[in-house]
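The block underneath contains the structure these notes are about, expressed in structure tokens.
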Amino acid sequence: MPALPARLALLLPVAALAFAGCKKDEASKAPASATEAADDEPNYAAMIEEDEVTQEATALAEGPLAERAATDAAGRGYVGDMLASELSPGQEVDQEFSLDPARCYTLIAVGDDGVDELHSAITTIAPVRGGETTIVEDTSSGPVTVIGGGESCYRPEGDGSKRVRFVLRVTAGAGLVVGQLYASDVASDAGSE
């Protein structure tokens with residue numbers, strides 16, 4: 146048994162050196178906050194804050210879109226996320242949602258200074274592009290499009306909800322477009338008229 150303590154005596158300095166080598170230095174510490182990235186990782190939060198397109202989309206959403214919504218979608222809540230995209234003539238962006246006959250809908254979209262003509266529509270969803278049917282569309286001209294604004298909110302016909310999409314399409318000019326779908330229950334909307 147006396148040989149066992151001698152072996153331990155030899156192993157202790159080796160183990161101490163091994164553990165000393167595992168000590169983390171200051172450079173390997175985790176970032177102090179979620180917006181502070183480690184040296185070798187991209188800082189996505191800072192990129193978003195500095196992104197010009199994000200800043201312009203925010204300005205459009207908080208400016209012209211919010212102003213139109215105060216009039217055309219008063220009392221209605223958001224349906225889905227706000228949509229933002231840079232579009233050239235003929236390009237479109239869309240978002241799927243459930244169209245419910247018990248709800249009343251308003252779609253508002255605005256384009257930046259480069260967009261001359263913006264169109265919007267609510268369409269069915271087809272397995273192949275081009276096979277969809279337009280349910281309702283905006284007929285105005287200019288960089289602002291509204292479907293179902295004010296007291297003329299769009300009320301779908303039929304029984305039960307169905308999956309559809311709203312489409313924003315630039316037909317003249319090019320630039321950033323932001324759009325938001327709003328809805329309220331038919332009963333609550335009828336009470337406000």
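For what it's worth, my numbering labels the leading residue of the sequence shown as 146, then goes sequentially.
Built from N, CA and C at the ideal position, the CB exists for glycine as well.
Check, Outcome
"Leaving aside the five residues before and after T216 along the sequence, list all residues of the same chain whose C-beta is less than 8 Å from its C-beta, in chain order.", "G294 and G295"
"Drop a sphere of 10 angstroms on the beta-carbon of T290, count the other beta-carbons inside from all chains shown, and report buried for 16 or more, exposed for fewer.", "buried"
"How about E237 and V198: do their beta carbons lie closer than 8 Å?", "no"
"How many angstroms separate the CA atom of D330 from the CA atom of R248?", "4 Å"
"My output table needs one value for T269: the three-state DSSP class, helix, strand or coil.", "strand"
"Using the Cα positions of T316 and G256, report the straight-line distance between them to the nearest angstrom.", "11 Å"
"Could you name each continuous alpha helix (DSSP H) segment of 4 residues or more that falls completely within the stretch 302-337, going from the start of the chain to the end?", "331-336"
"Runs of 4 residues minimum, wholly inside the stretch 190-235: which ones carry the alpha helix (DSSP H) assignment?", "197-205 and 211-217"
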